[in-house]
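Q: To convert, count from 1 in the sequence shown and add 419; that's this note's numbering.
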Amino acid sequence: MTLAIDIVKVIAIPSIILTFIPVLIWWERKGAAYIQDRRGPNRASILGFKCGGFFHNFADVLKLFFKEDIIPTKADKVLFVVAPMIVFFVVVATSAVIPLAAPLMIKDHLITFQIADINIGLIYILAIASLSVYGVLLAGWSSNSAYSLFGGLRASAQMISYEVAMGLALVSVIMYAGSVRLDEIVLLQGTKFWDWNFAREPLAFVIFLTCLFAEANRNPFDLPEGESELVAGFHTEYSSMKFALFFMGEYAHMVVGSMILVSLFFGGWQIPFASTELLNGFLPSFVVPFLQIGCFITKTLFFCWFFIWVRWTLPRFRYDQLMGLGWKGMVPLAIINIIFTGLVLYAGATYFR
């Protein structure tokens, strides 16, 4: 039974992320249209039904699937093919340790709603997420194109720079929780929103959110693919489904990044003012995880929309501004936040026992 449950989780959780992608693409188009005061996608239809422009996603899939798959003559063919796979599958693999609901006991079996319940969940996320830079860099180098190479170099420098600040921002969260297990970090935040880490660690939350934008190459941090300077950056030479993997990887990054943000700073799957014990008191135990998953997805969708809203609101940084913000702004602030958190914890342990 344990093996069957693990197989279901391995299939179900990545499927949730893949389901988010077409919804976010549709949101992106409709949201951009709303912000720019226009109608947005409204032409593609099936049997006369337009479904608010959602069917444009199906048109995109068909278009990309049947496009010619071009590999540049002097490209490194193996790395050119492997690079988009690395970008997409690394993002999906990062979601393996994210808990979607409280554990459920059925007879003698404890069912956890995460693929891998490991003791170093937060370290796993930082380690696996850092691998995506290899896919971007290999895509730029293997294309044998100046635009692609410059885009890959920009992406690698940007990701490495902001991963430092991201890791430092998470140190204060670990100090409060005393653990690197994601399920324990979620549980310790409780059900009262003023106890969630965004209220305890507002500076760490802002730094982490900013770094998520940089890691996902989303505007105003989309310098690696700035069309006014680099055509399309590291994926200039890509077409067909290889380009689709990069495209899907960006939106999957939004989803997984929002999931991590919700778990670390917004109580994860916890429903405000409704603990698992309280819900189990008047609801069947098997219903409670579905409510918690629904709460988790709602929080995640909010931050996915925030990604979209920021993209169509703020202009792109200059490259010197982007690197300056990372090294001269985010990193020093994260270090100051660690020191402040340490002082608060020491004062609390010393004077408020």
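Think of the CB as a built atom: it goes at the ideal place given N, C-alpha and C, for glycine as much as any other residue.
Would Thr513 and Val675 qualify as a contact pair, given that the criterion is a beta-carbon distance under 8 Å?
A: yes
Q: Could you have a look at Leu466 and say whether DSSP puts it in helix, strand or coil?
A: coil
Q: With 16 other CB atoms within 10 Å as the buried threshold, where does Asp527 fall?
A: exposed
Q: Beta-carbon separation of Phe664 and Arg573 under 8 Å?
A: In the sequence as displayed, the identity of residue 664 is Leu instead of Phe. It is not a contact, given that the beta carbons lie outside the stated cut-off.
Q: If you follow the beta strand (DSSP E) that Leu622 is part of, which residue opens it and which one closes it?
A: Unbroken run through Leu622 is the alpha helix (DSSP H), 621-634; no beta strand (DSSP E).
Q: Rounded to a whole number of angstroms, what is the C-alpha to C-alpha distance between Val427 and Gly743?
A: 45 Å
Q: Helix, strand or coil: how does DSSP classify Gly745 here?
A: Helix at Gly745.
Q: In angstroms with no decimal places, state the Cα-to-Cα distance between Val555 and Ser694.
A: 42 Å
Q: Would you say Ile757 and Val590 are within 8 Å of each other, going by their C-beta atoms?
A: yes
Q: Report back the beta-carbon spacing between Leu698 and Val707 to the nearest angstrom; my notes put them in contact at under 8 Å.
A: Confirmed, about 5 Å.
Q: Could you compute how far the alpha carbon of Arg772 sits from the alpha carbon of Phe759?
A: With a pLDDT of 46 at Arg772, under the threshold of 50, the modelled position of this residue cannot be trusted, and the question is left open.
Q: If you draw a straight line from the C-alpha of Val605 to the C-alpha of Ser682, how long is it?
A: 6 Å
Q: Under DSSP, the beta strand (DSSP E) around Leu519 begins and ends at which residues?
A: Note, Leu519: premise wrong, no beta strand (DSSP E); not H, not E.
Q: Between Phe684 and Phe640, how many whole angstroms is the CB-CB distance? I'm expecting something under 8 Å.
A: Actually they do not touch by this definition, with Cβ atoms about 20 Å apart.
Q: List the endpoints of the continuous alpha helix (DSSP H) containing Leu606.
A: 601-608
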